[in-house]
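A short write-up of the structure that comes next.
2 protein chains.
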Amino acid sequence: MEAYALIMAGGAGQRMAAEMPKQFLLLHGQPILMHTISAFYQYRSTIKLLLVIPRQQEDLWLKLCRQYAFDLPHLLAYGGNERFDSVRNGLQKIAESEGFDAGNSLIAIHDAVRPMVGTDLIGACFETAQRYGSSVPVTPLVDSLRRREGEWSLAEDRKDFCAVQTPQVFWAKDLLEAYKQPYSPSFTDDASVMEAVGHRIRLVEGHRRNIKITVPEDLLLAEYWLKQSK
Amino acid sequence: MEAYALIMAGGAGQRMAAEMPKQFLLLHGQPILMHTISAFYQYRSTIKLLLVIPRQQEDLWLKLCRQYAFDLPHLLAYGGNERFDSVRNGLQKIAESEGFDAGNSLIAIHDAVRPMVGTDLIGACFETAQRYGSSVPVTPLVDSLRRREGEWSLAEDRKDFCAVQTPQVFWAKDLLEAYKQPYSPSFTDDASVMEAVGHRIRLVEGHRRNIKITVPEDLLLAEYWLKQSK
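Chains as they are written, first to last, in the numbering used here: chain A, 1 to 230; chain B, 231 to 460.
Written as structure tokens, this is what we have:
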């Protein structure tokens, strides 16, 4: 089995850098995205990694790589209008890459701004997908849950549900096939794309610390956990 | 309309203080619980407040009140085995208190470890309950959601759901009546108790910062937000 990782760092629709894109913010003295890429190489040094990035951020990324002497190899593809388009661009580039064998490759699709993903979780996702054809890491819901009915609501049991993280891992041939379908607004992640063409989605126990860094306080938490784990 | 607040600081089942109960940890130099109680007095200085606390924590709480010269008035009731029993104990004490009028009183039930609740949110919850008979503050789900089917899963649209906070506000007579029913494990909060006897639950827009402090990093976030709001 060959392992690929597709790291999703945003699409063409992202606002031009009035502020620094989250994946380039410093975490423990290094851009977040470098932590994320490093985690996949720590899992497996032979992994083949492709980064999907907005076209207008390419120069900045290459500059950061020089500045931080970051030399882990990775292909680049550009983001599209929707996340769906960005993933498709990335898959296409993988499909065209040298030595690619769709029938013997698993592809992990991961958010660039989840740098706290550990090698254990990456490993569990690859192993589960190899066995069951799909894997999605999930965590229990922390708060009580209600179903919205306009301004009113109905009780739901939070234990019946789970919160979804990445990496989400699937066989390359299945992903390439699923991403031939037209875009739907119901596609919120890769599992929903795969499910729409009939694949069942297997769960893996995710990690509470594998957060998506989207607001400043997320960065505060990530710094805290990194300090703790030293 | 008379306003009551029932502050829930844990039941008899809580482990004896091998570690300091969360509601007594310092936030901005003062025990969390004092921030919580103060918020309700800031909303309305005439509010009548009752604190439900494990019996074995009473001495510590009284000592902390002296130490921090905390003199906001409040009744005390003891926690029971389940949260349901604790709320029932508190309601009973309110029902026996001087001047209580079940037909003209709203009761807000709130987690002691949600000190970041603001007067705006408390006000919105009381106003909504006065108008519609119930109110529960909720926030949108941050992560994608899936429904568990054993080790497998099904897509759900997170926009159909919401995460529940407190304070949850209801008419006193309705609460007293609802808490006569026998305990069920499906009672995860007061809304679920009210719903079980036929009340509809009205939603109020909650606040992202109104977090429940349960792990050390929650305290880190609360400190961060308090510093920001200065």
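In this text, a Cβ means the ideal position worked out from N, Cα and C, and glycines have one as well.
None of these values were measured; they are calculated from a predicted model.
N-terminal and C-terminal residue of the beta strand (DSSP E) that residue 386 of chain B is part of = On the second sequence, position 156 is the one that residue 386 of chain B refers to. Start and end: 382-386.
ask   = At least one CB of chain B closer than 8 Å to the CB of residue 179 of chain A: is that the case?
value = Within the first sequence, the letter at position 179 stands for residue 179 of chain A. By this cut-off, residue 179 of chain A is not an interface position.
request  = Report the option in A:144, A:147, A:84 and A:56 whose CA atom is closest to the CA atom of residue 181 of chain A.
outcome  = Counting from 1 along the first sequence, the entry for residue 181 of chain A is found at position 181. Closest option to residue 181 of chain A, Cα to Cα, is A:84.
ask   = So is residue 427 of chain B buried or exposed if we call it buried at 16+ other beta carbons inside 10 Å?
value = Translated into positions along the second sequence, residue 427 of chain B becomes position 197. The residue in question, residue 427 of chain B, is exposed, as its Cβ has fewer than 16 Cβ neighbours within 10 Å.
ask   = How about the segment 399-410 of chain B and the segment 125-139 of chain A: do they share at least three Cβ pairs that are nearer than 8 Å?
value = no
inquiry  = Can you tell me whether residue 181 of chain A is helix, strand or coil according to DSSP?
reply    = Here residue 181 of chain A refers to the residue found at position 181 of the first sequence. Three-state result, residue 181 of chain A: coil.
ask   = With 16 as the cutoff for other CB atoms within 10 Å, does residue 19 of chain A come out buried or exposed?
value = Locating residue 19 of chain A in the first sequence gives position 19, counting from the first residue. So residue 19 of chain A ends up on the exposed side.
query = By Cβ distance, which residues of its chain are closer than 8 Å to residue 4 of chain A, with the 5 residues on each side in sequence left out?
reply = Position 4 of the first sequence holds residue 4 of chain A. Around residue 4 of chain A: 47, 48, 49, 50, 94, 105, 106, 107, 108 and 172.
Which residues DSSP lists as bridging residue 392 of chain B, in chain order = In the second sequence, residue 392 of chain B corresponds to position 162, counting from 1. Its beta-bridge partners are A:146.
request  = May I ask which residues mark the beginning and end of the alpha helix (DSSP H) holding residue 424 of chain B?
outcome  = Mapped onto the second sequence, residue 424 of chain B falls at position 194. From DSSP, the alpha helix (DSSP H) with residue 424 of chain B extends over 420-426.
Distance between residue 258 of chain B and residue 268 of chain B (C-alpha atoms, nearest Å) = One-based indexing of the second sequence puts residue 268 of chain B at position 38. One-based indexing of the second sequence puts residue 258 of chain B at position 28. The straight-line gap from Cα to Cα measures roughly 14 Å.
inquiry  = Between which residues of its own chain and residue 254 of chain B is the CB-CB distance below 6 Å, once the five residues before and five after are set aside?
reply    = In the second sequence, residue 254 of chain B corresponds to position 24, counting from 1. 261.
request  = Measuring only between beta-carbons, confirm whether residue 82 of chain A sits less than 8 Å from chain B.
outcome  = Position 82 of the first sequence, counting from 1, holds the residue named residue 82 of chain A. Closer than 8 Å: no.
key: Bridge-paired residues (DSSP) for residue 365 of chain B   = Counting from one through the second sequence, the residue named residue 365 of chain B turns up at place 135. Answer is B:399.
request  = Indicate, with yes or no, if the ligand NAP has a heavy atom lying under 7 Å from the CB of residue 280 of chain B.
outcome  = The ligand content of the structure shown is nil, which means the ligand NAP is not present either.
inquiry  = Taking only three categories from DSSP, how would you classify residue 308 of chain B?
reply    = Walking along the second sequence from the start, residue 308 of chain B turns up at place 78. Of the three classes helix, strand and coil, the one that applies to residue 308 of chain B here is strand, per DSSP.
request  = Would you list, in chain order, the members of the segment 380-406 of chain B that have their beta-carbon closer than 9 Å to a beta-carbon of chain A?
outcome  = 380, 381, 382, 383, 384, 385, 386, 387, 388, 389, 390, 391, 392, 393, 394 and 395
key: Rounded straight-line distance, which links the Cα of residue 414 of chain B to that of residue 287 of chain B   = The sequence position of residue 287 of chain B within the second sequence is 57, counting from 1. The sequence position of residue 414 of chain B within the second sequence is 184, counting from 1. Answer to the nearest angstrom: the Cα atoms are 26 Å apart.
query = Do residue 444 of chain B and residue 282 of chain B have their C-beta atoms closer together than 8 Å?
reply = The residue given as residue 444 of chain B occupies position 214 in the second sequence. The residue given as residue 282 of chain B occupies position 52 in the second sequence. Not closer than 8 Å, so no.
ask   = So, is residue 80 of chain A buried or exposed, given that buried needs 16 or more other C-beta atoms within 10 angstroms?
value = Counted from its first residue, the first sequence places residue 80 of chain A at position 80. With 16 or more Cβ atoms within 10 Å of its Cβ, residue 80 of chain A is classed as buried.
key: Three-pair Cβ contact test at 8 Å for the segment 57-73 of chain A versus the segment 140-148 of chain A   = no
Residue of A:159, A:60, A:2 and A:88 minimising C-alpha distance to residue 99 of chain A = Here residue 99 of chain A is taken as the residue at index 99 of the first sequence, counted from 1. Of A:159, A:60, A:2 and A:88, the residue nearest in Cα terms is A:2.
inquiry  = From the DSSP secondary-structure annotation, give me the bridge partner or partners of residue 48 of chain A.
reply    = Position 48 of the first sequence, counted from the start, is the residue given in the question as residue 48 of chain A. For residue 48 of chain A, which the question treats as bridged, DSSP gives the partners A:4.
message = Using C-beta distances below 7 Å, list every residue in its chain close to residue 116 of chain A, excluding the 5 sequence neighbours before and after it, in chain order.
response = Along the first sequence, read from residue 1 onward, the residue named residue 116 of chain A stands at position 116. The answer, listed in chain order, is 209, 210, 211, 222 and 225.
key: chain A residues whose Cβ lies nearer than 8 Å to that of residue 450 of chain B   = The residue you call residue 450 of chain B lines up with position 220 of the second sequence. Simply 220, 221 and 224.
ask   = residue 447 of chain B versus chain A: which residues are under 8 Å apart at the beta carbon?
value = The residue you call residue 447 of chain B lines up with position 217 of the second sequence. Ordered by position in chain A, the residues that pass the 8 Å Cβ test against residue 447 of chain B are 221, 224 and 225.
message = So residue 110 of chain A and residue 167 of chain A are supposed to be a Cβ contact under 8 Å. How far apart are they, rounded?
response = What you label residue 110 of chain A is simply residue 110 of the first sequence in a count that begins at 1. What you label residue 167 of chain A is simply residue 167 of the first sequence in a count that begins at 1. At roughly 4 Å, the Cβ-Cβ gap stays under 8 Å, so residue 110 of chain A and residue 167 of chain A are in contact.
request  = Could you check if residue 120 of chain A is buried or exposed, using at least 16 other CB atoms within 10 Å of its CB as the buried criterion?
outcome  = Along the first sequence, one-based indexing puts residue 120 of chain A at 120. Result: exposed.
inquiry  = Please list the terminal residues of the continuous alpha helix (DSSP H) segment that includes residue 221 of chain A.
reply    = Reading the first sequence from its first residue, position 221 is the one you call residue 221 of chain A. It spans 216-228 - the alpha helix (DSSP H) in which residue 221 of chain A sits, taken as one unbroken run.
key: Selection of the segment 28-52 of chain A by Cβ proximity to chain B, strictly under 8 Å   = none
task = With 8 Å as the C-beta to C-beta threshold (strictly closer), list the residues of the segment 421-441 of chain B near chain A in chain order.
result = 421, 422, 425, 430, 431, 432 and 433
query = Is there a Cβ from chain A that is less than 8 Å from the Cβ of residue 368 of chain B?
reply = As a working note, residue 368 of chain B is residue 138 in the second sequence. Output row for residue 368 of chain B: interface = yes.
message = Cutting at 6 Å between CB atoms, please list the residues of its own chain near residue 55 of chain A, excluding the five before and the five after it.
response = Residue 55 of chain A sits at position 55 when you count from the first residue of the first sequence. Counting only Cβ-Cβ distances below 6 Å, and skipping sequence neighbours, we find 78.
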